[in-house]
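Following this note's numbering, the residues of the sequence shown are numbered contiguously, the last one being 401.
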Amino acid sequence: ISSLLYELDSRRIAMRRGSALDFGCGVGRLTQALAPHFDRVVGVDISPNMIQLATDVNRFPGHVSYVWNQAPHLQRFADAAFDFVVSNIVLQHIPPAITLRYVEEFLRVLMPGGILVFQLPSHRRGADERAPSASGRVMPDDAYYAPIVVFGAPGRAVTPASELTLEVEITNSSACEWSQREFGVIRVGNHWLDAAGDRMLQRDDGRARLPGTLQPGASCRLPLTIKTPSDEGVYQCEIDLAHEGVLWFHDRGSPVARFVLRVTLQEEPDAVLDAEAAGSPAGRRTERLSVLPVQWKDAPASVGVSGDIEAPGDFPMYAVDTNIVTGLIARQGGMLLQIENDRSCGEDWVSYRYFVRRSDQAYNVSSSP
33 ISSLLYELDS RRIAMRRGSA LDFGCGVGRL TQALAPHFDR VVGVDISPNM
83 IQLATDVNRF PGHVSYVWNQ APHLQRFADA AFDFVVSNIV LQHIPPAITL
133 RYVEEFLRVL MPGGILVFQL PSHRRGADER APSASGRVMP DDAYYAPIVV
183 FGAPGRAVTP ASELTLEVEI TNSSACEWSQ REFGVIRVGN HWLDAAGDRM
233 LQRDDGRARL PGTLQPGASC RLPLTIKTPS DEGVYQCEID LAHEGVLWFH
283 DRGSPVARFV LRVTLQEEPD AVLDAEAAGS PAGRRTERLS VLPVQWKDAP
333 ASVGVSGDIE APGDFPMYAV DTNIVTGLIA RQGGMLLQIE NDRSCGEDWV
383 SYRYFVRRSD QAYNVSSSP
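In structure tokens, the structure reads:
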């Protein structure tokens with residue numbers, strides 16, 4: 033838990049430290065680890081025996097409690113009851129329909145601006161699908177240099193949660209051949225930052241894969257579909273390249289492209305961003321504060337769920353495609369901050385860890401105690 037909280041802090045994912053929920057707490061190992069960091073912690077589990085054991089070894093009875101819950105929901109908890117909800121190596125043993133209901137409940141009991149972190153397999157790995165450890169091999173440092181030019185950035189305000197398709201030109205300005213067969217997948221992607229460009233609000237949004245090989249000095253153009261933030265305001269959209277499972281190009285000094293976008297509920301077809309707010313024009317090489325890399329993998333093309341597939345011991349394994357999970361998060365008012373590869377299910381499964389913030393325009397991190 034300490035490493036997870038440090039990871040959140042280092043990625044500038046801020047939250048209040050009032051109350052936390054550990055879903056699928058078992059004997060309370062993670063629940064106890066949360067105790068020094070939050071004013072109130074609740075562990076919930078389907079097993080009465082686990083709850084009893086956790087209660088017996090509770091070292092923080094003053095502000096840690098355990099709740100037995102067999103229902104396919106969390107109705108015993110009020111709306112917006114927790115600042116932080118975490119679940120690890122639990123949902124994979126729950127049938128998909130119930131898992132999705134629980135994810136809805138996680139977001140319901142989460143306070144506006146609160147953080148949800150949960151792990152869930154996406155699908156069973158195919159025979160021809162390489163494991164994450166083999167999905168990307170680090171290129172030479174000087175290979176990570178790619179000027180980016182963006183075409184089609186809107187000069188008007190747009191509505192929240194709307195899709196925009198940009199045209200992005202990538203140039204391999206290094207002396208290294210970008211062979212995805214040799215080094216792994218490279219994609220162009222975008223982040224959303226605050227108006228000043230100082231704080232990351234959403235790390236993962238659109239992704240588009242580059243052609244198989246890009247020779248030194250060669251350029252390619254490809255469409256990148258992005259989704260505007262769900263809250264009104266002024267944002268900076270940052271375009272960078274991701275060497276999947278390895279790093280973001282900017283972490284090796286490669287320039288990024290940024291443009292400013294005003295998001296408003298009222299359509300303004302003729303509104304043009306003023307010169308002061310425009311910041312870095314699309315296509316201009318810009319520098320920014322460094323951001324830690326993220327490991328991210330696409331969901332498979334098909335959308336579906338896998339259930340009751342062979343698993344060790346008495347625990348069946350279930351999976352829910354990331355397309356379904358991310359769609360549910362968006363519908364329930366969540367903002368997906370990050371999705372990263374997780375190897376907790378072993379090499380036979382493709383599993384992800386989701387980082388989600390419950391969206392709320394009025395949330396102000398500075399008000400956190």
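Glycine is no exception: its CB is placed at the ideal position from the N, C-alpha and C atoms.
Just so we're clear, the structure is a prediction, and the values are computed from it rather than from any experiment.
Can you check which of these residues, the options, is closest to residue i by C-alpha distance?
i	options	result
residue 288	222, 276, 87	222
residue 217	274, 180, 123	274
residue 293	272, 262, 251, 102	262
residue 372	264, 272, 225, 235	235
residue 205	85, 279, 175	175
residue 370	384, 208, 377	384
residue 130	280, 104, 376, 209	104
residue 238	269, 250, 251, 212	269
residue 33	50, 44, 54	54
residue 83	264, 56, 194	56
residue 230	194, 250, 246, 267	267
residue 361	348, 148, 290	148
So, with DSSP's three-state summary, where would you put residue i?
i	result
residue 156	strand
residue 106	coil
residue 287	coil
residue 270	strand
residue 54	strand
residue 134	helix
residue 47	coil
residue 381	strand
residue 370	strand
residue 196	strand
residue 67	helix
residue 354	helix
residue 222	strand
residue 248	coil
residue 232	strand
residue 362	helix
residue 80	helix
residue 281	helix
Which term fits residue i, buried or exposed, when burial requires 16 or more other beta carbons within 10 angstroms of its beta carbon?
i	result
residue 282	buried
residue 354	buried
residue 183	exposed
residue 388	buried
residue 81	exposed
residue 197	exposed
residue 277	buried
residue 317	Here the model assigns residue 317 a pLDDT of 31, short of 50, so the residue's position is not dependable, and the following value carries that caveat. Exposed, by the Cβ-count rule.
residue 128	buried
residue 207	exposed
residue 290	buried
residue 173	exposed
Is the beta carbon of residue i less than 8 Å from the beta carbon of residue j?
i	j	result
residue 47	residue 146	yes
residue 295	residue 190	yes
residue 359	residue 390	no
residue 271	residue 200	yes
residue 219	residue 240	yes
residue 202	residue 242	yes
residue 169	residue 215	yes
residue 116	residue 52	yes
residue 64	residue 99	no
residue 177	residue 286	yes
residue 225	residue 264	no
residue 69	residue 49	yes
residue 102	residue 377	no
Could you say if the segment 88 to 100 and the segment 112 to 120 meet the contact criterion of at least three C-beta pairs nearer than 8 Å? no
Across the segment 58 to 77 and the segment 131 to 148, are there enough close Cβ pairs to call them in contact, namely three or more that are closer than 8 Å? no
Below 8 Å, how does it come out for the segment 107 to 115 and the segment 127 to 134: are there three or more Cβ pairs, yes or no? With fewer than three CB-CB distances shorter than 8 Å, the segment 107 to 115 does not count as touching the segment 127 to 134.
Measuring CB atoms only, is the segment 172 to 188 touching the segment 143 to 158, in the sense that at least three cross pairs come out at less than 8 Å? no
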